[in-house]
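End of the sequence shown sits at 275 in this note's numbering; the numbers just go up one at a time, nothing left out.
Note that CB positions come from ideal geometry on N, CA and C, so glycine has one too.
All of these numbers come straight from a predicted model, not from anything done at the bench.
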Amino acid sequence: MIKREGAVMKLSNLVTNVFLALGLAATAQAQWIKLPLPDTPRDKDGKPVLSAPAPRTSDGHPDLSGIWISARNQFTNPKGRGLERYMPAGSKAPMTPAAEKFYAEITAHGDAPDPSESCLPDGVPNHMLPLPIKIVQTPKETLMLFEEFTVFRQIFTDGRKLPVDPQPTFFGYSVAHWEQNTFVVESAGFNDKTYIDGEGLPHSEDLQITERYRRPDFGHLVIEFTFTDPKNYERPWTATVPFNLMPDTELNEHLCENEKDHDLLYRK
Numbered sequence: 008m009i010k011r012e013g014a015v016m017k018l019s020n021l022v023t024n025v026f027l028a029l030g031l032a033a034t035a036q037a038q039w040i041k042l043p044l045p046d047t048p049r050d051k052d053g054k055p056v057l058s059a060p061a062p063r064t065s066d067g068h069p070d071l072s073g074i075w076i077s078a079r080n081q082f083t084n085p086k087g088r089g090l091e092r093y094m095p096a097g098s099k100a101p102m103t104p105a106a107e108k109f110y111a112e113i114t115a116h117g118d119a120p121d122p123s124e125s126c127l128p129d130g131v132p133n134h135m136l137p138l139p140i141k142i143v144q145t146p147k148e149t150l151m152l153f154e155e156f157t158v159f160r161q162i163f164t165d166g167r168k169l170p171v172d173p174q175p176t177f178f179g180y181s182v183a184h185w186e187q188n189t190f191v192v193e194s195a196g197f198n199d200k201t202y203i204d205g206e207g208l209p210h211s212e213d214l215q216i217t218e219r220y221r222r223p224d225f226g227h228l229v230i231e232f233t234f235t236d237p238k239n240y241e242r243p244w245t246a247t248v249p250f251n252l253m254p255d256t257e258l259n260e261h262l263c264e265n266e267k268d269h270d271l272l273y274r275k
């Protein structure tokens, strides 16, 4: 399924996704600007040293800032679908019978129709996976800038708690704290207009997500997502997604024109 707006955009993203799926990072990244950025550890030839220690902020915590893209060729469960590929081998999302039935219906002819077909965000974590994200870490909030559709997500670290009854939104409401070297994000208040992944794993407005961010070295980020939604899943379940740093570049502008080509989308 080609799920982007506009024929040119759809073709461009299809080519990009094919390269990423094949692990051809250097070829795929040729579309992004290349420029040397400061504070990047380099070898004698000037190349970024991705295995260097992770940077730290003035308070001693790992600095998660940078441009990251999900690793499309590091699956722990390659026989799974969508986000299930990042679960332990042999695992499946523990959907309830009703959720299984719904999932089968919406994926009968391919991937589920998702909000991006109408120029709307894909939610968490789906919107984090297809294209790069830029994390900007500050003392009181961490910003997540998405290349896809040039939208953003706020994660508050000023000590506030999750609202009791937040207004449902595409990215929900997020607060975070540190547990030693792990950045722990708690989110709720999602609307039910999105899916958990591009394959169509469902969720309700009761969805709660816990994310645990770890930066083991300069060039790698690992995010562990735990999903709790009793209306769709029999128990909480976890997927762990590795991300690779995209050094010496910046995000592209990526705008959605409108949904005029929506009716031209097809599914096999």
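| Asked | Found |
| --- | --- |
| Pop quiz: LEU127 and PHE177 are said to be a contact at Cβ under 8 Å. What is the actual Cβ separation, rounded to whole angstroms? | 7 Å |
| Is it buried or exposed for HIS184, if we count other Cβ within 10 angstroms and need 16 for buried? | exposed |
| For GLY89, collect the residues of the same chain with a Cβ closer than 7 Å to its Cβ; drop the 5 residues on either side in sequence, then sort them by chain order. | ASP204, GLY205, GLU206 and LEU208 |
| DSSP three-state call for HIS134: helix, strand or coil? | helix |
| Please list, in chain order, all residues of the same chain as ARG222 whose beta carbon is under 7 Å from its beta carbon, the five residues on each side excluded. | ALA61, PRO69, LEU71 and LEU228 |
| Could you have a look at LEU252 and say whether DSSP puts it in helix, strand or coil? | strand |
| Compute the Euclidean distance between the alpha carbons of LYS99 and PRO45, then round it to the nearest angstrom. | 42 Å |
| With a cut-off of 8 Å on the beta carbons, I'd call PRO55 and ARG242 a contact; round off their distance for me. | Not a contact, Cβ separation roughly 41 Å. |
| Confirm, please, whether the CB-CB distance from TRP75 to ILE142 is below 8 Å. | yes |
| Taking 8 Å as the cut-off, decide whether the C-beta atoms of LEU150 and ILE140 are in contact. | no |
| In whole angstroms, give me the CA-to-CA distance for PHE232 and PRO48. | 29 Å |
| How about ARG49: is its C-beta nearer than 8 Å to some C-beta of chain C? | Chain labels in this structure do not include chain C; a single protein chain is all it has. |
| Assuming contact is defined by CB atoms lying nearer than 8 Å, are GLY73 and LEU252 in contact in what I supplied? | yes |
| In this structure, how does DSSP classify ALA33 when only helix, strand and coil are distinguished? | Any reading at ALA33 needs caution, since the residue's pLDDT is 37, under 50, leaving its predicted position unreliable; the model's value is listed next. Correct three-state label for ALA33: helix. |
| Tell me whether ALA105 is buried or exposed, calling it buried when 16 or more other Cβ atoms sit within 10 Å of its Cβ. | exposed |
| Among SER125, GLN144 and ASP121, which has the Cα closest to the Cα of ASN133? | ASP121 |
| Would you please state the rounded distance, in angstroms, between the beta carbons of LYS41 and THR256? I believe it to be under 8 Å. | 6 Å |
| If we ignore side chains and look at the alpha-carbon of each, how far apart do THR64 and TRP39 end up? | 27 Å |
| Taking its Cβ as the centre, do 16 or more other Cβ atoms sit within 10 Å of SER58, making it buried, or is it exposed? | exposed |
| Using the Cα positions of ASP129 and PRO43, report the straight-line distance between them to the nearest angstrom. | 32 Å |
| Which same chain residues, not among the five before or five after GLY97, have their C-beta less than 6 Å away from its C-beta? | none |
| Give me the Cβ distance between GLU124 and HIS261, rounded to the nearest whole Å; I'm assuming they're in contact under 8 Å. | The pair is not a contact, with the Cβ atoms about 15 Å apart (cut-off 8 Å). |
| What residue range does the alpha helix (DSSP H) around GLU107 cover? | 104-113 |
| Could you tell me the distance, in whole angstroms, from the CA atom of PRO95 to the CA atom of PRO170? | 33 Å |
| To the nearest angstrom, report how far apart PRO254 and ASN84 are at their CA atoms. | 28 Å |
| Excluding the five sequence neighbours on either side, which residues of its own chain have a C-beta within less than 7 Å of the C-beta of SER211, listed in chain order? | ASP199, ASP236, LYS238 and ASN239 |
| Can you give me the Cβ contacts of SER194 inside the same chain, cut-off strictly under 6 Å, excluding the 5 residues immediately before and after it? | GLY179, SER181 and ILE216 |
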